[in-house]
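Residue numbers (our numbering), protein chains in the order written: chain A, 4 to 265; chain B, 89 to 346.
Here a beta-carbon is modelled for each residue, glycine too, at the ideal position from N, C-alpha and C.
A short write-up of the structure that comes next.
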Ligand code: HEM
Ligand code: FES
């Protein structure tokens, strides 16, 4: 096994870890973004709240989540160690420096640190709260024939069941009753806070810059540099990961903030 | 003809890094140099300054040079924030017409932990030699010279190998990289052999040994910024780094070196 250890402590092996974890995190972003667009549904959060239940109870998703936490840590620690080692390779800098590379490619660690601060705030806010803290329940009553929402009602604080979701069909009225933890409400309340909204938007700008370089860089690190596929990688890296995904994520806090204004 | 619309006789302010040896502190010394012709090479300009310094009984500026025709890779100067200056050519191929009369030019040595300063602008690049010595060659006994076409090589492979072999080992890639990474150099040396039939037998062990030596020397890792390739006087492409990564992964997976 010593060859494997030596491989992962070589400069190329370390970058392979960055590329694999980084691209895995990219794939997570796609899923996370698609799921979270349910915040935009005009259903008072029902779809989003049900989605939150699935994401925290399906065993397969749970296993992938554990992998995700591990990869975030690995990517962060390895990224900061690499940045430190790379600095040591040039102990004395230049007096005059006109670099012919892009700013974001030289500042991945700074961009990553902004993302890290964001992740800590984001996870302690929503992830921790949903998993370990109190989130009130909400009752939704839908007419299954028409698909219309009949009524909704926030449950009293004293309401607590073991399950995260209770679903019931009343056959006489044709009403479906869903009682589910109302994460949507937490999101709505959180994003009435302007500094938090600004932190989210700024972090998505940092993410965009991290990925405009990072996505393509990851492929290069894997050794996947080919004239036939490079345009596709560039297109996906810029269009999807540096523009669409950060923009949709940034739209969420902005949407709730604007909504709260009236 | 003249690109910079410079006068026939330029006067320049030169901020040059002076450092006695590895163990003493260096500093910038500013010189004013008149009578510079736009047709001179950058090195000839420094020669003139050195002649004046010698006449004034001062220590001339130490700098590396040899062929002065852009093929040996000796000349190494970080000029106005870029390796070899504003044009993508070696310093010996840089003409003073790329500057304007009255310009201030900052001249620094290559900066890298793996390239310790010997004196002034001259740095010790023997780390490159040690990387090549670690495996950048073919160690088979070739016997007598063969017939030219006995080892057929497709043109495409020959061209690509040749483009990698154009590397003159000047170290501009290390100088340009924010991580002082030697990956462009090492990848060119690995590629020129990996692409040819003669290089196949030692392909794996070569990638392993050269990368290990590169790390040993204290060069940084690759952040794929592309500064190396953009500044390379021979235009060595980043595709070589991707190839080196593939070679290295393959070597680590398959070599018997456990
Ligand atoms: C959602 C979060 C993140 C995603 C999707 C992501 C993605 C990526 C990708 C794809 C790369 C390119 C890997 C390569 O060049 O081979 C990368 C590089 C990098 N990431 Fe991240 N990253 C994220 C968060 C972070 C965090 C939190 C940090 C640490 C503070 C960080 C630090 C770095 C650094 C320093 C590099 C450059 C390594 C180098 O080229 O030398 N990233 N990231
Ligand atoms: S002196 Fe030989 S390349 Fe410049």
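If you look at residue 181(B), you'll find it isn't in any beta strand (DSSP E); DSSP assigns it neither H nor E.
Residue-level contact by beta carbon holds for residue 332(B) and chain A, with a gap shorter than 9 Å.
Residue 180(A) is bridged by DSSP to 144(A) and 171(A). Cα atoms of residue 78(A) and residue 30(A): separation of roughly 14 Å, rounded to the nearest angstrom. Close partners of residue 96(A) in chain B (Cβ separation under 9 Å): 199. Beyond the five residues adjoining it in sequence on each side, residue 316(B) comes within less than 6 Å, by CB distance, of 261, 264, 265 and 272 in the same chain, given in chain order. Only 223, 224, 225, 226, 227 and 228 from the stretch 221 to 237 of chain A bring a Cβ to less than 8 Å from some Cβ of chain B. Taking 9 Å as the cut-off, the beta carbon of residue 75(A) is found no closer than this to the beta carbon of residue 209(A). At a cut-off of 9 Å, the C-beta of residue 119(A) has no neighbouring C-beta in chain B. Across the stretch 306 to 327 of chain B, CB contacts with chain A closer than 8 Å involve 306, 307, 308, 309, 310, 311, 312, 313, 314, 315, 318, 319, 326 and 327, in sequence order along the chain. Per DSSP, residue 220(B) has no beta-bridge partner at all. 9 Å or more divides the Cβ of residue 117(B) from the Cβ of residue 134(B). Collapsing the DSSP output to three states places residue 116(B) in a strand. Under the three-state reduction of DSSP, residue 269(B) is assigned to strand.
Among the bridge pairs identified by DSSP, residue 105(B) is matched with 116(B).
Rounded to the nearest whole angstrom, the C-alpha separation of residue 160(B) and residue 181(B) is 12 Å. Residue-level contact by beta carbon holds for residue 100(A) and chain B, with a gap shorter than 9 Å. Where residue 118(A) is concerned, there is no enclosing beta strand (DSSP E), although the alpha helix (DSSP H) around it starts and stops at 111 to 125. Taking 8 Å as the cut-off, one finds at least one heavy atom of the ligand HEM near enough to the beta carbon of residue 82(A).
In the structure shown, residue 210(B) falls within a strand segment according to DSSP collapsed to helix, strand and coil.
Annotation note: the stretch 312 to 344 of chain B contains the following uninterrupted alpha helix (DSSP H) runs of length 4 or greater, listed N- to C-terminal: 315 to 319 and 327 to 342. Using a CB distance cut-off of 9 Å, residue 83(A) does not count as an interface residue toward chain B. In the structure shown, the three-state DSSP call for residue 33(A) is helix. In chain order, 145 place their CB closer than 6 Å to the CB of residue 152(A), counting only its own chain and leaving out the 5 sequence neighbours on each side.
Residue burial is scored here from C-beta neighbours: residue 135(A) has fewer than 16 other C-beta atoms within 10 angstroms and is therefore classed as exposed. Beta-bridge pairing by DSSP links residue 124(B) to 98(B). Separation of residue 326(B) and residue 279(B) (C-alpha to C-alpha, rounded to the nearest whole angstrom) is 11 Å.
Contact between residue 93(A) and residue 309(B) fails: their C-beta atoms lie close to 12 Å from each other, not under 8 Å.
Residue nearest to residue 299(B) within the set 256(B), 331(B), 285(B) and 208(B) is 331(B) (criterion: CA-CA distance). One Cα belongs to residue 132(A), the other to residue 90(A), and the distance between them is close to 38 Å. Interface annotation, residue 6(A): in contact with chain B, CB-CB separation under 9 Å. For residue 152(A), the enclosing beta strand (DSSP E) stretches over residues 152 to 157.
Using beta-carbon distances, residue 89(A) counts as an interface residue toward chain B, with a partner under 9 Å. No Cβ-Cβ contact shorter than 9 Å links residue 6(A) with residue 297(B). For residue 170(B), the pairing in a beta bridge is given by DSSP as 167(B). In the three-state DSSP reduction, residue 143(B) falls in the helix class (H, G or I).
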